[in-house]
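K.L.:
From first to last, the protein sequence lines stand for chains C and Y. The letter at position 154 of the first sequence is residue 153 when you use numbering that gives the first Met the number 0, and the numbering goes up by one with no holes. The letter at position 59 of the second sequence is residue 58 when you use numbering that gives the first Met the number 0, and the numbering goes up by one with no holes. From the three backbone atoms N, C-alpha and C, an ideal C-beta is built for every residue, glycine too. Keep in mind it's a predicted model, so treat the numbers as computed, not measured. Below is the structure I would like to discuss, written out as structure tokens.
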Amino acid sequence: MVTAQAADVQLLNVSYDPTRELYQDYNVAFAKHWKELTGKNIEIQQSHGGSGKQARAVIDGLDADVVTLALAYDVDQLYQKAKLIPEDWQSRLPNNSAPYTSTVVFLVRAGNPKGIKDWDDLVKPDISVVTPNPKTSGGARWNYLAAYGYALKKLGSEAAAKDYLKKLYKNVAVLDTGARGATVSFVEREIGDVLIAWENEAYLSLQEYGASKYEVIVPSVSILAEPTVTWVDKVVSKHGTTQAAKEYLQYLYSKEGQEIAVKNFYRPRDPEILAKFGKQFKNLSLFTIDEVYGGWNKAHNTHFADGGVFDQIYSQ
Amino acid sequence: MKNHQLLLIAATVGGLLSVQPQMAEAAKKVSRSSKDAQIEALVRRLEVLEQRLAISEGKGQDSAAKPAVANVAGADIPAVKQLDQKVKILERKIEVSKETADAEKKAAPTFDVGPEGLKWSSADKEYSFKLRGLINADSAFFLDDSVKGAAGLNNTTAAGPANAIPINGLGIDRFQVSRARIITSGTLGKYTDFLVTTEFGSLSSGGPSVFDAFVDLHYFPFASLTAGKQKGPVGLERLQDVSKMQFLDFAYPTQLAPNRDIGILLHGEFAAPGRERKSSNGQASNFKDLFQYQAGVFNGTADNQNPANTTAATYDNKEFEGRIFAHPFQLTDIDALQGLGLGLAGTYGQPKGLTPVNLQSPAQNVIVSYITGTALNGDHHRLLPQGYWYYGPFGLFTEYAISWQTLTSASSTAVKQQTINQQNTAWQVAASYVLTGEDNTYQGVKPRKPFDPYKGDWGALQFLARWDELGVDKNTFTNIGTVKTPFYGFANPAGSVKNATSWTVGFNWYLNNNIKLVADYEQTYFKGGAASTLGSPSPVMNRPIERVFFTRFQVAF
């Protein structure tokens with residue numbers, strides 16, 4: 000939480016678990032920017048949790064001025080369930096309201112003892128995989144969709160892709176309920192050979208637990224994870240914080256905002272910043288949710304709704 | 000495999016792997032327990048692995064029992080590493096299962112059974128459903144049955160009783176279930192409560208009746224809205240939860256206050272500055288804070304109207320009802336006066352053609368009987384100052400009621416209809432003391448030691464005494480006929496009393512929060528209400544004294 004003496008404006012940013020460090024850094028920078036812009040002090044409070052849970056909390060009355068969640072699907076629930084934001088919320092900010100991106104990569108143990116290089120390796124019989132349950136974790140859905148998208152491209156048919164996923168989840172040692180739990184399983188409990196993780200989470204693990212213990216493996220193909228942001232119209236209107244909330248999100252696209260995202264291992268949207276720091280991000284072929292699945296709603300209904308593809312392949 | 004089995008396996012094998020010196024001993028203990036063949040098999044496998052490990056390191060059989068490997072996870076033996084992974088996975092799966100179970104438990108609805116009935120709640124407590132009940136199994140015994148038909152009653156002359164005394168005396172000795180209620184209530188979406196009370200007892204006037212059916216929107220504690228059939232916000236005794244009423248029957252002021260009616264009520268509560276709110280909901284019966292108000296619009300009811308008969312509006316004009324009540328000394332630190340509550344309530348309406356309801360004695364004998372054709376036509380308003388003072392085991396309760404109403408008379412071919420203004424009054428003063436020392440409150444008495452004779456616990460015992468009186472306006476007995484041929488267009492003084500005074504003493508024995516035994520003795524004196532046959536027209540006499548012993552066995556949950 001960034002506090003300023005006698006704050007003139009207060010904002011609550013309701014976000015998901017892995018952005019804690021990102022927004023701690025960003026809030027300090029934004030408070031300074033806001034002071035320069037308006038001469039006023041601003042206090043920004045952060046709330047972190049599972050992306051879906053956070054969206055439900057806002058729907059149930061948590062007064063978030065802005066939401067910065069993992070999935071556009073979760074943000075969209077604010078419109079679908081409570082009309083807290085307009086239907087076209089995603090077109091209000093550049094890049095579909097996703098100011099930074101990430102992708103899904105592998106974290107393996109030092110020396111990569113099982114020689115894991117791409118998605119194909121994860122379905123080999125002796126590989127133990129750690130990834131959370133996509134029924135309960137937003138991050139896990141990205142992992143699942145990355146794997147499925149790869150299989151579709153590589154194997155060419157839905158049936159083959161489902162078969163691939165079935166083999167993959169058969170190799171999953173522990174199906175944690177959330178991304179943080181999966182990291183605990185892999186890093187602290189030393190379970191499994193590979194953790195499927197967001198790129199920024201994987202690098203944070205290296206930073207936190209020691210670069211000598213793990214390696215990040217970037218597969219040939221993965222998904223473009225686009226965490227989305229928006230201000231919550233009904234709340235900012237009630238609080239009188241519309242201007243501050245908009246500026247808070249728009250500043251994420253600024254050079255400074257983009258650099259802070261890079262420092263926290265998110266891929267920037269700004270081409271200049273990407274060029275400047277691009278070396279730390281390995282090149283790979285990225286596909287989007289829209290390209291492969293026709294959007295989050297469709298992906299959710301096909302794969303994660305009760306009786307969906309995940310239920311089919313995991314219960315078999 | 001069930002969690003507890005996983006736990007046993009993981010704990011056993013994990014312990015064996017990590018606690019080297021105790022490993023063999025622990026393994027033997029587990030083996031001896033023979034609780035689970037699977038555990039034994041795993042232990043045996045582990046022992047074999049340990050022996051192989053020792054041999055491979057050239058340490059022989061002896062050292063196998065005490066392996067020198069500090070961390071088997073780090074041992075360069077694939078089989079051991081594999082087993083280590085299995086154990087870790089098992090342990091983690093147990094943790095995840097527990098996390099999932101805990102999360103499911105948190106998200107699962109809850110079901111409680113307790114002194115306040117059955118309650119189902121959603122995990123977030125924003126939705127709930129309660130099922131409660133009330134049974135009043137009563138008895139009433141008239142003490143003057145032995146003199147029925149005999150001289151000596153005070154409405155008689157030396158020649159004998161003025162009116163024929165009923166064969167059963169002054170009232171029928173009886174057992175009755177006066178109240179048998181099912182009360183369903185709940186919360187829908189945090190800010191909306193509902194309550195439905197269905198009466199199956201003798202108060203229901205025949206078949207089951209809906210006594211309460213309302214929805215309460217309470218977004219703001221200081222301004223809530225209740226719509227539906229509910230108690231009119233007027234009588235202090237009426238507003239008390241019926242299971243907490245101290246005497247077996249209501250006093251006369253409650254007969255002059257409106258009963259349940261259908262309408263809309265705005266109400267609010269305010270806690271004293273700096274004090275926490277103590278009332279758990281917005282119901283008047285539960286009010287414990289500084290100040291409350293109620294203001295509502297209702298269809299309008301006659302005095303003493305049975306809620307079973309309050310089902311529809313009978314005229315266009317509506318009745319306005321309002322009340323303010325405060326515990327003024329909550330603004331001070333005077334401990335002895337914190338439980339002093341004072342209030343004022345009133346109603347105003349202009350009923351048209353509403354039939355007045357007879358008034359009753361404590362023993363439910365009709366003591367004011369309106370002539371058929373009498374109707375409320377015009378202004379009807381009531382005023383009820385009220386108050387109580389509870390301090391420790393002591394309680395004092397008082398209420399005064401005035402009911403002004405405009406009555407039009409019955410008529411006949413011989414007499415024209417007339418109109419009178421009737422002003423009936425009633426008051427009561429009641430005192431009570433909890434002999435076992437528990438706090439006496441408007442919300443009832445909670446025994447410190449619920450009845451359990453095997454432990455020497457007997458519940459709580461309360462002594463009570465009450466004086467109450469009803470005064471009926473003399474205009475009620477206006478003769479609109481002639482002296483020779485009287486015609487009482489409102490009420491006949493030979494059948495309706497102009498005054499009733501009752502005193503009551505009793506004991507309440509609270510076995511626990513749900514069961515209460517009540518024993519009351521009530522004696523009522525009447526003025527008027529009977530006639531002698533010795534003159535013509537019959538001179539009005541006083542009704543006999545009503546002496547009744549009541550009991551109640553109450554179950555409320």
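Measure from the alpha carbon of Y/Lys228 to the alpha carbon of each residue in Y/Gln254, Y/Pro272, Y/Thr300, Y/Ile333, then state which is nearest.
P.N.:
Ranking the options by Cα distance to Y/Lys228, first place goes to Y/Thr300.
K.L.:
According to DSSP, Y/Met567 sits in a beta bridge with which residue or residues?
P.N.:
In the structure as shown, chain Y begins at 0 and stops at 556. Residue 567 of chain Y is therefore absent and cannot be evaluated.
K.L.:
Between which two residues does the beta strand (DSSP E) holding C/Arg91 run?
P.N.:
Note, C/Arg91: premise wrong, no beta strand (DSSP E); not H, not E.
K.L.:
Which residues does DSSP pair with Y/His380 in a beta bridge?
P.N.:
For Y/His380, which the question treats as bridged, DSSP gives the partners Y/Tyr347, Y/Trp403.
K.L.:
Do Y/Leu469 and Y/Ala425 have their C-beta atoms within less than 7 Å of each other?
P.N.:
Contact flag set, yes.
K.L.:
Taking only beta-carbon positions, decide if Y/Val95 is within less than 7 Å of chain C.
P.N.:
So, interface residue.
K.L.:
May I ask you to report which of helix, strand or coil DSSP gives C/Trp33?
P.N.:
In this structure, C/Trp33 counts as helix in the three-state DSSP scheme.
K.L.:
Hey, how far is the Cα of C/Lys297 from the Cα of C/Thr100?
P.N.:
If you take the alpha carbons of C/Lys297 and C/Thr100, they lie about 21 Å apart.
K.L.:
Could you have a look at Y/Gly227 and say whether DSSP puts it in helix, strand or coil?
P.N.:
Correct three-state label for Y/Gly227: strand.
K.L.:
Please state if the CB of Y/Arg178 and the CB of Y/Leu202 are separated by a distance shorter than 7 Å.
P.N.:
For Y/Leu202 and Y/Arg178, yes; Cβs fall inside 7 Å.
K.L.:
Are any of the Cβ atoms in chain Y nearer than 7 Å to that of C/Ile41?
P.N.:
Chain Y, which has no Cβ nearer than 7 Å to the Cβ of C/Ile41, makes this no.
K.L.:
Within the continuous beta strand (DSSP E) that includes C/Leu68, where are the two ends?
P.N.:
It spans 65 to 68 - the beta strand (DSSP E) in which C/Leu68 sits, taken as one unbroken run.
K.L.:
Would you be able to state if there are at least three C-beta pairs under 8 Å between the region 342 to 350 of chain Y and the region 205 to 220 of chain Y?
P.N.:
Touching, no.
K.L.:
Starting from the N-terminal side, write out each stretch of the beta strand (DSSP E) that is 3 residues or longer and does not extend beyond the region 221 to 299 of chain C.
P.N.:
Taking only runs of at least 3 residues, the beta strand (DSSP E) segments lying wholly in the region 221 to 299 of chain C are 227 to 230, 284 to 286.
K.L.:
Thinking C-beta only, is Y/Gln293 closer than 7 Å to Y/Pro252?
P.N.:
No, the pair does not count as a contact, with Cβ atoms beyond the cut-off.
K.L.:
Are the C-beta of Y/Ile261 and some C-beta of chain C separated by less than 7 Å?
P.N.:
No, no contact with chain C.
K.L.:
Counting only beta-carbon atoms, is Y/Lys85 nearer than 7 Å to chain C?
P.N.:
Answer no: the Cβ-Cβ gap between Y/Lys85 and chain C never drops below 7 Å.
K.L.:
Excluding sequence positions up to five away, which residues of its chain have a Cβ less than 8 Å from the Cβ of Y/Arg274?
P.N.:
Correct list, in chain order: Asp288, Leu289, Gln329.
K.L.:
Can you list the residues of chain C that Y/Thr440 reaches, using a CB-CB cut of under 7 Å?
P.N.:
Those within 7 Å of Y/Thr440 in chain C number zero; the least Cβ separation is about 35 Å.
K.L.:
With DSSP collapsed to three states, give me the class of C/Lys166.
P.N.:
Residue state, collapsed to three classes: helix.
K.L.:
Checking the sheet assignment: what are the DSSP bridge partners for C/Tyr15?
P.N.:
Paired residues: C/Gly48.
K.L.:
By how many angstroms is the C-alpha of Y/Asp211 removed from the C-alpha of Y/Pro492?
P.N.:
The straight-line gap from Cα to Cα measures roughly 36 Å.
K.L.:
C/Phe309 lies in the alpha helix (DSSP H); which residues open and close that run?
P.N.:
First-last of the alpha helix (DSSP H) with C/Phe309: 308 to 314.
K.L.:
Under 7 Å between C-beta atoms, does Y/Glu98 make it to chain C?
P.N.:
Chain C contact via Cβ: present.
K.L.:
Rank Y/Asp172, Y/Gln282, Y/Gln421 by C-alpha distance to the C-alpha of Y/Thr477 and give the top, closest one.
P.N.:
Out of Y/Asp172, Y/Gln282, Y/Gln421, Y/Gln421 has the C-alpha closest to the C-alpha of Y/Thr477.
K.L.:
Got a sec: which bits of the region 158 to 190 of chain C sit with their beta carbon under 8 Å from any beta carbon on chain Y, in order along the chain?
P.N.:
Those would be Ala172, Val173, Leu174, Asp175, Thr176, Gly180, Ser184, Arg188, Glu189, Ile190, in chain order.
K.L.:
Counting only beta-carbon atoms, is Y/Arg381 nearer than 7 Å to chain C?
P.N.:
Output row for Y/Arg381: interface = no.
K.L.:
Check Y/Trp457 in the structure and name its three-state DSSP category.
P.N.:
Residue state, collapsed to three classes: coil.
K.L.:
Using 8 Å as the cut-off, can you tell me whether the region 66 to 85 of chain C makes contact with the region 154 to 170 of chain C, which would need three or more C-beta pairs spanning the two stretches below that distance?
P.N.:
With the cut-off at 8 Å, the region 66 to 85 of chain C and the region 154 to 170 of chain C do not touch.
K.L.:
Buried or exposed: C/Gly148, going by 16 or more other Cβ atoms within 10 Å of its Cβ?
P.N.:
Burial call: buried.
K.L.:
Identify the continuous beta strand (DSSP E) that holds Y/Lys118 and give its terminal residues.
P.N.:
Looking at the DSSP string, the run of the beta strand (DSSP E) that includes Y/Lys118 is 116 to 120.
K.L.:
In the DSSP assignment, find the beta strand (DSSP E) that holds Y/Ala430 and state where it starts and stops.
P.N.:
Element bounds for Y/Ala430: 418 to 433.
K.L.:
Any chance you could list the beta strand (DSSP E) runs of at least 3 consecutive residues sitting entirely within the region 224 to 310 of chain Y, in chain order?
P.N.:
Counting whole runs of 3 or more residues, the region 224 to 310 of chain Y contains the beta strand (DSSP E) stretches 259 to 269, 290 to 297.
K.L.:
Taking Y/Arg91 as the query, report the chain C residues whose CB atoms sit under 7 Å from its CB, ordered along the chain.
P.N.:
Simply Val173, Ser184, Arg188, Ile190.
K.L.:
Going by DSSP in three states, C/Val217 sits in which element: helix, strand or coil?
P.N.:
In this structure, C/Val217 counts as coil in the three-state DSSP scheme.
K.L.:
Mind listing the chain Y neighbours of C/Ser46? Cutoff is C-beta to C-beta under 8 Å, in chain order.
P.N.:
Within 8 Å Cβ-Cβ: nothing; C/Ser46 doesn't reach chain Y, min ~17 Å.
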